Each structure stands twice: as C-alpha cells, then as structure tokens.
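Peer 1: In this text, residue positions in the sequence shown follow the working numbering: the first is 12, and each later residue adds one. No residue lacks a Cβ here, since even glycine has one placed at the ideal position from N, Cα and C. Note that the structure is predicted; figures quoted are calculated from it, not measured. Please read through the structure below; I'll follow up with questions.
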Amino acid sequence: MQILMLLVGFWWVFIILVVLVCYKLVLRLFGMVIIPQDSIGIINKKFVLFGKNRTLPDGCIIALNGEAGIQADTLAPGIHFWFWPWQFEVRIEKFITIAETRIGIVESRDGVSLSDGRVLARKVECDSFQNARQFLLNGGERGPQISIIPPGTYRINTGLFFVAQEPVLEIEDNMVGIVTTREGKALSSGDIAGKEVEGHNMFQDGQSFIDNGGYKGLQVQVMLAGRYFLNPRFATVETRPMTEVPIAHAGVVIAYVGEAGVDVTGDTFKHGNLVTKGQKGVWAEPLDPGKYPINPYTHRVEIVPTANVVLNWATGKTEAHKLDANLSTITVRSSDGFTFNLDVSQIIHVPRNDAPKVIARFGSMANLVTQVLEPTIGNYFRNAAQSSDVIDFLKERQQRQNDAKAQITKALIDYNVGAVDTLIGDITPPEALMKPLTDRKIAEQEKVTYDTQRQAQDTRKELMQATALADTQARVVDAERSVTIADFNAQATVKKAEGDAKSKTINAKADAEVLTTVGAAEGTKITAVGEAEAQVIQLKTDAVGQGNYAIIEVGRALAASGFKLVPDVVAGGTGDSGSGIINVLMAGLLKDSMAKENKNSARVSS
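Take a look at the structure:
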C-alpha cells in the first residue's frame, strides 16, 4: 500500500526513468534514429505506400530509387528523422577497419552479371566500395571483386558488400614470388607463361594488368622481397629462394619462354643451339657468381663448376657435388684370366665460356658424367687390363696412370671438357693370386729377418769382443809400453854394446898398431938377432959339425933347465948307449912341452 502511494505521488519520476532507459525506443517511435560516431545505418525499407517504384527490379537486391528493400544509401553518424519504425528497419553496423597487415577482399551481392570466362568483377569507381550507389550506377559487377580495400577504416554498406580480411603478402629477403593469375587473356598455344606487361604495380592493380593485355596463368615476371597488397583471388604467389650461383661456378640459363632463338655458335658447334639472352633456349652467356631473381618454372639454371672437379670411381666414396654418387669401383679382367677391382679418380675442368656448350650438348653435368666420363674411363681401364696380366699391371701402375691421363685428355677435348689428371687409387688383386705371392713375400721377409738376426748376433759377438778387448786394453797398453821400454832398453844396450865394441875396436886397433909397431920392431930385432945367431950357429956348425953342435946345445939346455942328466933308473938295452940316453932326454922334454901346451889350451878355452 505504501509503495502504491509512493508511486502515485512521484509518477513523474517513474516516467523520467523509463525515458532514460528506453530513450532509443521512444525516439524510434517518433521516427528518430541516432547513429553512433563509429557506425553507419543500413536501411531496409519494408514497403512503399505510393509511387510506381514499389518493388525492386528482377534480380536486384539493392534499391536505388526508393523501392522496398535494402537501400543503397546508408545513414551517416548522427540523428536522422522520419524513419518510422513501421516502415523502416535501420540496422546499425560498425565501420569496417582493415588492419595494417591485412587487406579487404570484397564480394558484391548485387550488380551486373559477370561475362563469360570472367571470375572476378572488373574495377569501377566507388570510393573503395563506400559508395554503393556509385558502384551500381557505374556498372559494378556481382561477385568477387578484382579490387581490394587497403588498410584503413571504411563506411561500407554490408548489405551490398561482404568484406573478408586476408593477410598482406610478405616476401622475405633472398626470396622471389612466383605469380599465377586467375584473370587475363588465355595463353597462346605452346606458351607456358604469360609475358611481362607494364603498369600493374607488381600485380597489385589487377584491372590494369588485364587492361594492358596480361595473360591468365603462370607469369614470367617475379616479385621481389617486400610487402604487397595483392588480391589472393586474383593471383596466388609461391615464394622460392633466389637462384644462387656459387663462387667458382657458372650458371647456364635454359629458357622455356621467349621468342624463338637463333643459334649464335655458327658451324663450329653442331651439338646444340645457343641463343642470346631473352630468347628461348640455352643462353650463350652464362651467369657469373651471385644471386638472381629467376622464375624456376620458366627458366632453369644449370650450375656448372668452373673449378677442378674430382670424380671417384670408388664404391661408397663421393664428393660434395654428388656428381659421382652413382659411380662405383671398376671391375676388370686381366689377360691371364683374373678379375680384380681398382679405384680411379678423374679430375676434370669445364671453362666458363664452354659451360653453355656442355649443357647444350648434355643438358646437365650429371648427364656428362653418365654419358661420357663413366663409359670412357671404365672402358679404358678394362681394355688396358686385358692387355696385361695382374702382376705386370701392378708393377706398371705409374705407366698405366700416365697413359690413361693422355688417352682420356684426348677423348674429352671433343666434349669441351679439360682432363686435368687421372689417378689410380686402390687396386684389389684376386685372393687366389695374391696368397702365394704373399706367402713367398712373407718367406722372403722371414729370411731377411733371420739374416738380420744373424747379423745382429755377429754384431753382438763383435761387440763382446770389442768389450773384452776394451777391458784388456789397459793391460795391452801396459804391455805395449813394457815392450816399448824393453825395446828402448835393448836399443840402449845395443847402442852401449856398439859403443863398447867401437871402443874396444878402437882400443884393439890402437893395441894392434902398438903391437904391430912393437912386433915390427921386435921382429926386426929378432930378425937381426936371429940372423946374427944364425951366422954364429952357422959358424959353430961349420966348426964342430951339425950333429955335434946339436948335442952340445941339447946338453946345454938340459943343464939350464935342471933336468937330471943321469936318470934314477937306467934301463939297459941294445944298441948304442949314447943313443939311449939321448932318447930318454928327448922324451922327457917332449912330455914337459906337451903338458905345457895342454895347460895353455885349457886356459884359452876357459
């Protein structure tokens, strides 16, 4: 009851609260529409009471002349009158905001039908789809639009246009964009890509691309690094790395598009055509090291190494370039029927200016290896092995290598390839042949080992002898010194003896001279005395006779010597008594004389 009384007393407050809460509804009842500052009003006219344009034309969705239906014109932000709720429905829509990294893709629900073969509606002037009336009056077409809405905020009638947002196209550094368009002229027969046309701002202006004669499909022109507002319904872009030609390589361009080329090699090269840059075919001028924005679908760049290239005919061994990945160890058969394997390395060089000729002839470096190098080198060594036995092949390895280099160099000149060197690697002879050779070699080495051991023992014996000799060296030196001293003593003794001998000789000579002088004098004296005595004796003899004189002298001598003239015993005898006495005397003298001589002889002997 109290609440009712309160409401009755303050009814005007209640009315104010209702107006404040439902002011839009109240205003709407009086035909007023308020559009916020960030929105537009899309009008749907429910009916038309008077006039001839009461309904839309067939096939139309948007009303241009006040017909019933969604109106082309929208309500801007602010207050609008006379839009009675029973006749008009006003839908408030936010402005369409396209972010900085996105674009708006538009599809129109109304407009002229697309012509045959078209998939995108052509561009018309309509203030970036903000003026729906202008779009329709200028002949805007129904369906996906070729134009896009760049980043920003727009007042777009969403009753006519559906706007989807797509990310902008970003092409990173060192990448190229390969473009395929969905609109344009059809390609001519035999063409695989559309020619480059001008004025479309890197495919961002699709309508200009079409107006300037652009072709539908793959494009020769590529897009470089950057950000692009490209309609993905008009063109798709595939990013690929830029074509890089490394250092010590040349890039030979093979163009699949362009005008028909004219061969520039003349009669000197008959294995393919080389054309100038921009024409279809193999370009005569190769690309130097660097990066190039080339469409890999319309141009192929064959990388040719211009430095020395090593190719290995060895199973499981390959270089970084992988050109020898399919090469394997060469199996050959010798003249004596043995099969053995050998590894070969071939070093080749392709000059820069000859690189296009190699590609024009073979198509790729891999084809050069498989079509020329592999059969040429393999057949050479197979033929060489058949003309020799295994042992001779092993012994003549260096000569075989030199011959191979000369023959292969001569063969590769015709293919514009230089042969730098040919090297023979491991040679694997047959086990059946190598075992007896190995056994024999082992035996020879064992013999050498035994000889070495014997020599070592001999050396050891010599060492021991030398050690023993060294140990006795001191005594040998002492002995040698003793011998030397003895020799010196002997020489001194000899010298002394020689001195004594010389002294004695000199003395003897002196004595001899003295004796000679004395003897001569004595002899002279004796001679004189003797001659005198001889003369006396001769006189005496002459006086008394020889016999008597002799008896007188004997008697005198006996008397002087004290000899007994009359013996103690006188033996009788016959004959003359005087003779007997004389004989006795003579015997006694002879006995004394012999005894004296024997005594002198014994003295001399001692």
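In angstroms, rounded to a whole number, what distance separates the CA positions of S617 and F499?
Peer 2: Any reading at S617 needs caution, since the residue's pLDDT is 49, under 50, leaving its predicted position unreliable; the model's value is listed next. Cα to Cα, S617 sits roughly 33 Å from F499.
Peer 1: Assuming contact is defined by CB atoms lying nearer than 9 Å, are A143 and L125 in contact in what I supplied?
Peer 2: Their beta carbons are not under 9 Å apart, which means A143 does not touch L125 by this criterion.
Peer 1: Whole angstroms are fine: how far does the CA of I537 sit from the CA of K520?
Peer 2: Each residue's Cα considered, the two are about 24 Å apart.
Peer 1: Straight-line CA distance for G188 to Q409?
Peer 2: Going by the C-alpha atoms only, they are around 55 Å apart.
Peer 1: What is the rounded straight-line gap between the Cα of Q145 and the Cα of I157?
Peer 2: Looking at the two C-alpha atoms, the distance is approximately 17 Å.
Peer 1: Tell me the residue span of the beta strand (DSSP E) that contains Y308.
Peer 2: Premise fails: Y308 is in no beta strand (DSSP E) and is neither H nor E.
Peer 1: How about I160 and F140: are their beta carbons less than 9 Å apart?
Peer 2: Yes.
Peer 1: So for T112, helix, strand or coil by DSSP?
Peer 2: Of the three classes helix, strand and coil, the one that applies to T112 here is coil, per DSSP.
Peer 1: First and last residue of the alpha helix (DSSP H) that includes Y239?
Peer 2: That residue, Y239, is in no alpha helix (DSSP H); its beta strand (DSSP E) goes 237-239.
Peer 1: Do you know how far the Cα of T483 is from the Cα of K507?
Peer 2: Looking at the two C-alpha atoms, the distance is approximately 35 Å.
Peer 1: What first and last residue would you give for the beta strand (DSSP E) that runs through G327?
Peer 2: Note, G327: premise wrong, no beta strand (DSSP E); not H, not E.
Peer 1: I'd like the list of long-range same chain contacts for Q176, defined as Cβ closer than 8 Å, with 5 residues on each side in sequence excluded.
Peer 2: If we look at Q176 and ignore the five residues flanking it on each side, its Cβ neighbours are I109, A110, R113, I114, G115, I116.
Peer 1: Check whether the region 336-350 touches the region 273-286, counting contact only when three or more Cβ pairs, one atom from each stretch, lie closer than 8 Å.
Peer 2: Judged by Cβ distances under 8 Å, the region 336-350 makes no contact with the region 273-286, as fewer than three pairs qualify.
Peer 1: Does the region 189-199 come into contact with the region 221-240, if we say contact requires no fewer than three beta-carbon pairs (one atom in each stretch) closer than 8 Å?
Peer 2: Yes: at least three Cβ pairs fall under 8 Å.
Peer 1: Please indicate yes or no: does the CB of L480 lie closer than 8 Å to some heavy atom of the ligand ADP?
Peer 2: Summarising the ligand content, the structure contains no ligands, and the ligand ADP is consequently not present.
Peer 1: Tell me M234's beta-bridge partners as DSSP assigns them.
Peer 2: Answer is G188.
Peer 1: According to DSSP, is N55 helix, strand or coil?
Peer 2: It is a strand residue.
Peer 1: When you compare the CB positions of R244 and I182, do they come within less than 9 Å of one another, or not?
Peer 2: Going by C-beta atoms, R244 is not nearer than 9 Å to I182.
Peer 1: Hey, out of V361, L338, I265, whose CA is closest to D354's CA?
Peer 2: Closest by alpha carbon: L338.
Peer 1: Report the option in K421, T326, I305, V320 whose CA atom is closest to the CA atom of H332.
Peer 2: Answer by Cα proximity: V320.
Peer 1: When DSSP labels each residue in this structure, what does I517 get in the three-state scheme?
Peer 2: Residue state, collapsed to three classes: helix.
Peer 1: Once the 5 residues before and after I103 are set aside, which same chain residues still bring their CB inside 6 Å of it?
Peer 2: So the list reads S50, G52, once near-sequence residues are dropped.
Peer 1: Our contact map puts Y190 next to Q232 with C-beta atoms below 8 Å; I'd like the distance itself, whole angstroms only.
Peer 2: Looking at the sequence provided, one finds Val at residue 190 rather than Tyr. Contact flag correct, Cβ pair sits at about 7 Å.
Peer 1: What does a CB cutoff of less than 6 Å around E249 pick up in its chain, not counting 5 residues either side in sequence?
Peer 2: Once the five neighbours on either side are set aside, the close Cβ partners of E249 are I189.
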